[in-house]
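What follows is a short report on a single structure.
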Amino acid sequence: MPELPEVEVTRRGIDEPLRGAQVLALRLGKALRWPLGVAPEALVGSRLLPVQRRGKYLWLPVVPGPQGGCGGGLLLHLGMSGSLALQPADTLPGAHDHFDLVTTQGTLRLTDPRRFGAVVWSPSIADEPASRLLAALGPEPFDETLTPATFHAALQRHRAPVKAVLLSGRIVVGAGNIYACEALHEAGIHPATPCERIGPQRAARLLQALRETLARAIALGGSTLRDFRDVHGMSGAFQQHARVYGREGQACPRCGAAVRRIVQGQRATYYCAACQRR
DNA sequence: AGTTAAACCTGGTTGC
DNA sequence: TGCAACCAGGTTTAAC
Numbered sequence: 001m002p003e004l005p006e007v008e009v010t011r012r013g014i015d016e017p018l019r020g021a022q023v024l025a026l027r028l029g030k031a032l033r034w035p036l037g038v039a040p041e042a043l044v045g046s047r048l049l050p051v052q053r054r055g056k057y058l059w060l061p062v063v064p065g066p067q068g069g070c071g072g073g074l075l076l077h078l079g080m081s082g083s084l085a086l087q088p089a090d091t092l093p094g095a096h097d098h099f100d101l102v103t104t105q106g107t108l109r110l111t112d113p114r115r116f117g118a119v120v121w122s123p124s125i126a127d128e129p130a131s132r133l134l135a136a137l138g139p140e141p142f143d144e145t146l147t148p149a150t151f152h153a154a155l156q157r158h159r160a161p162v163k164a165v166l167l168s169g170r171i172v173v174g175a176g177n178i179y180a181c182e183a184l185h186e187a188g189i190h191p192a193t194p195c196e197r198i199g200p201q202r203a204a205r206l207l208q209a210l211r212e213t214l215a216r217a218i219a220l221g222g223s224t225l226r227d228f229r230d231v232h233g234m235s236g237a238f239q240q241h242a243r244v245y246g247r248e249g250q251a252c253p254r255c256g257a258a259v260r261r262i263v264q265g266q267r268a269t270y271y272c273a274a275c276q277r278r
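Per UniProt numbering, the first sequence starts with residue 1, numbered consecutively.
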């Protein structure tokens, strides 16, 4: 599921309600991608600080509270099928609920059928294991120090297909399969174009297209193909506005040609062969 | 070093 | 109806 917009929608949904809450308990269900890395009891009494996002990760920092607990944070990833919800009451976990953070202001619950998601304790975002997981991430798409010029320079260092490099997050984080396809369509760039062959003009266009696509998706509450829900259980609406993703055979909204589906790096790519140029 | 395939896991959909 | 094959918002790991 969750690409940057879905993760950001989630962050915005949990930040306010949980701010200043004290941890009452941690509950673990079936194993996620990695072990938690801390004894759940160690966090009891800790207070939550504002929730941050880095790429598709959420960082929930905590500090020791009056009744104890420790300082550090939880690094969360929603994987392919994860979503977070705030449980008002103490409801029982379902079959796909694998992590509960019980607090004085409600229970934060991770639901993740496929269990590609992760919840990992780290003493800080700059220490292991968080630092290792975040080490290879490129800049945030809305970071002002990411300019058309630096973006173009980064593209020049790769010859792999631009779609694959966008997905890798090494040049800019946040785009997954949906938004990589959509941004490339918006920019008029063929997904198989080698990065090194993208000139400064088109690089600038791609960066702008990516930013606009992600911003629009956030405003629409993200995309829900199947699993994604915001913290109130609501679906996203972006998928209804997608121009190429999941629309094989349909008319390209810009030029009317049929949208094509190919496979790149084991992932489906949707694009318009008429108005996206190599 | 950069690029690509395999692996992780579950469930819904498609096709025979 | 049943069952196998295929598909899905991601990322790490190992292998060219």
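Cβ coordinates follow ideal geometry from the N, Cα and C atoms, glycine included. Predicted model, so just to flag it, every value in this text is computed and none were measured.
- Excluding residues up to 5 positions away in sequence, Ala21, Gln22 lie with their Cβ nearer than 6 Å to the Cβ of Thr104 in the same chain.
- In the DSSP annotation of this structure, the continuous segment of the alpha helix (DSSP H) that includes Val165 starts and ends at 162 to 168.
- It is roughly 30 Å from the alpha-carbon of Leu76 to the alpha-carbon of Glu186.
- Per DSSP, Ser122 is one residue of the beta strand (DSSP E) stretching across 118 to 122.
- In the structure shown, Ala274 falls within a coil segment according to DSSP collapsed to helix, strand and coil.
- In this structure Ala219 is exposed. Its beta-carbon is surrounded by fewer than 16 other beta-carbon atoms within 10 angstroms.
- Annotation for Cys255: Ala274, Cys275 place their beta carbon closer than 6 Å to its own, counting only its chain and skipping 5 residues before and after.
- Closest option to Ser81, judged by alpha-carbon separation, among Thr111, Asp143, Pro88: Thr111.
- One thing to note: Ala183 has its Cβ no nearer than 8 Å to the Cβ of Ile171.
- Pairwise C-beta distances place the segment 29 to 37 in contact with the segment 119 to 132, as three or more of them are shorter than 8 Å.
- Across the structure, Thr10 and Ala164 are spaced so that their CA atoms are roughly 26 Å apart.
- Between Ala192 and Gln264 a beta carbon distance of about 7 Å is seen, short of the 8 Å cut, so the two are scored as contacting.
- Each residue's CA atom was taken as its position, placing Ala257 and Tyr245 some 14 Å apart.
- Following the DSSP letters along the chain, one finds Gly13 inside the alpha helix (DSSP H) bounded by residues 4 to 18.
- Arg229 and Ala85 do touch by the CB rule: their CB atoms are close to 7 Å apart, below 8 Å.
- Put simply, the segment 198 to 215 touches the segment 144 to 160. At least three CB pairs are less than 8 Å apart.
- Runs of the beta strand (DSSP E) lying entirely within the segment 103 to 155, each at least 3 residues long, are 106 to 111, 118 to 122 in chain order.
- Rounded to whole angstroms, the gap between the alpha carbons of Ala135 and Leu166 is 17 Å.
- In the structure shown, Leu214 adopts helical secondary structure according to DSSP, grouped into three states.
- When the alpha-carbon of Asp143 is set against those of Gln208, Asn177, Pro66, Thr91, the nearest one is in Gln208.
- For Ala242, same chain residues with a beta-carbon under 7 Å away, outside a window of 5 residues either side, are Ile178, Glu182 in chain order.
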